[in-house]
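In order, the protein sequence lines correspond to chains D and V. So the first sequence is numbered by our numbering: it starts at 1 and just counts up by one. So the second sequence is numbered by our numbering: it starts at 113 and just counts up by one. One structure below.
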Amino acid sequence: DVKVTQSSRYLVKRTGEKVFLECVQDMDHENMFWYRQDPGLGLRLIYFSYDVKMKEKGDIPEGYSVSREKKERFSLILESASTNQTSMYLCASSRLGFLSQHFGDGTRLSIL
Amino acid sequence: AQSVTQPDIHITVSEGASLELRCNYSYGATPYLFWYVQSPGQGLQLLLKYFSGDTLVQGIKGFEAEFKRSQSSFNLRKPSVHWSDAAEYFCAVGATGQGFSFIFGKGTRLLVKP
Numbered sequence: 001d002v003k004v005t006q007s008s009r010y011l012v013k014r015t016g017e018k019v020f021l022e023c024v025q026d027m028d029h030e031n032m033f034w035y036r037q038d039p040g041l042g043l044r045l046i047y048f049s050y051d052v053k054m055k056e057k058g059d060i061p062e063g064y065s066v067s068r069e070k071k072e073r074f075s076l077i078l079e080s081a082s083t084n085q086t087s088m089y090l091c092a093s094s095r096l097g098f099l100s101q102h103f104g105d106g107t108r109l110s111i112l
Numbered sequence: 113a114q115s116v117t118q119p120d121i122h123i124t125v126s127e128g129a130s131l132e133l134r135c136n137y138s139y140g141a142t143p144y145l146f147w148y149v150q151s152p153g154q155g156l157q158l159l160l161k162y163f164s165g166d167t168l169v170q171g172i173k174g175f176e177a178e179f180k181r182s183q184s185s186f187n188l189r190k191p192s193v194h195w196s197d198a199a200e201y202f203c204a205v206g207a208t209g210q211g212f213s214f215i216f217g218k219g220t221r222l223l224v225k226p
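Rendered as structure tokens:
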């Protein structure tokens, strides 16, 4: 069974901090994704990566960056956290592009 | 532009009743279509997907969905709902062409009455 693990379920940080959200998958998937989920807005794609050291912007990349140094790990970075980045963050991975993505359980991030 | 619409924000059904969740999409070609379910505090789980072929697709947990090209719809159905089906359901559309494109609908929250 595919497992996508997000390092924290809940995280509280302060405005201006640099925040790292980590995601690890164990199925050797080429593609990994970061979404944020907000009530009434559904899921919105922040960044995705189709290979090690490769990244593509999604629909809402502003204020975020990503890192993929190893195939199994995809990190989301909030360079200077702001209150409007308080949200649920979901990581996903897949073998074939966006098709059949497997999701982690999410990180609920609060920026105070 | 590609879009996905789930017209119902909330739906309440009685346990044992049938269920239909609506999904409409806008895209020029035949897209890849998905339904995901999210239980409280959890990530998303893939229920079923349509790529091509038979327009009636069977998924996990007794769900099915039918692709209707003429109506640009991909509605999710279940003949008899169980209390454990209470969750949020997301329709998603993917397409390839000029790169990848993938959009989620805003979700429908299902409440199940005993």
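All C-beta atoms, glycine included, are put in the ideal place defined by N, C-alpha and C.
Go ahead and pull the three-state DSSP assignment for residue i.
i	result
V:Gln170	strand
V:Asp238	The question about residue 238 of chain V has no answer, for chain V in this structure spans 113 to 226.
V:Thr142	coil
V:Thr220	strand
D:Gln37	strand
V:Arg181	helix
D:Lys13	strand
D:His102	strand
D:Ser8	coil
V:Gly165	coil
Should residue i be labelled buried (16 or more other beta-carbon atoms within 10 Å of its own) or exposed?
i	result
V:Phe200	The sequence given here has Glu at residue 200 of chain V, not Phe. Buried, since its Cβ has 16 or more Cβ neighbours within 10 Å.
V:Arg181	exposed
D:Trp34	buried
D:Tyr128	Here chain D comprises residues numbered 1 to 112, so residue 128 of chain D is not present and cannot be evaluated.
D:Gly40	exposed
V:Val193	buried
D:Ser87	buried
D:Asp28	exposed
D:Gln6	buried
D:Val52	exposed
V:Ser126	exposed
V:Gly128	exposed
Can the beta-carbon of residue i be found closer than 9 Å to that of residue j?
i	j	result
V:Gly206	D:Gly104	no
V:Leu158	V:Tyr148	yes
V:Phe186	V:Phe202	no
D:Gln101	D:Ser93	yes
D:Leu90	D:Gln37	yes
D:Met32	D:Phe20	no
D:Glu30	D:Tyr50	yes
V:Leu131	V:Ile123	yes
D:Glu22	D:Arg73	yes
V:Asp197	V:Leu160	no
So is the beta-carbon of residue i under 8 Å away from any non-hydrogen atom of the ligand FAD?
i	result
D:Leu112	As far as ligands go, the structure on display features none, and thus does not contain the ligand FAD.
(request) Count the C-beta pairs between the stretch 58-67 of chain D and the stretch 113-130 of chain V that are closer than 8 Å, then say yes if the count reaches three, no if not. (result) By the Cβ criterion, the stretch 58-67 of chain D is not in contact with the stretch 113-130 of chain V, since fewer than three pairs of Cβ atoms, one from each stretch, lie closer than 8 Å.
(request) List in chain order: all unbroken beta strand (DSSP E) runs of 3+ residues lying wholly within the stretch 114-160 of chain V. (result) The stretch 114-160 of chain V contains these whole beta strand (DSSP E) runs: 115-117, 122-126, 131-133, 136-138 and 144-150.
(message) Please give me, in chain order, every unbroken run of the beta strand (DSSP E) with length at least 3 that falls completely inside the stretch 54-97 of chain D.
(response) Counting whole runs of 3 or more residues, the stretch 54-97 of chain D contains the beta strand (DSSP E) stretches 64-70, 73-78 and 87-94.
(request) Spell out a yes or no on whether the stretch 121-136 of chain V and the stretch 66-80 of chain D are touching, meaning 3 or more CB-CB pairs, one atom from each, closer than 8 Å. (result) In short, these stretches do not touch, since the Cβ pair count stays below three.
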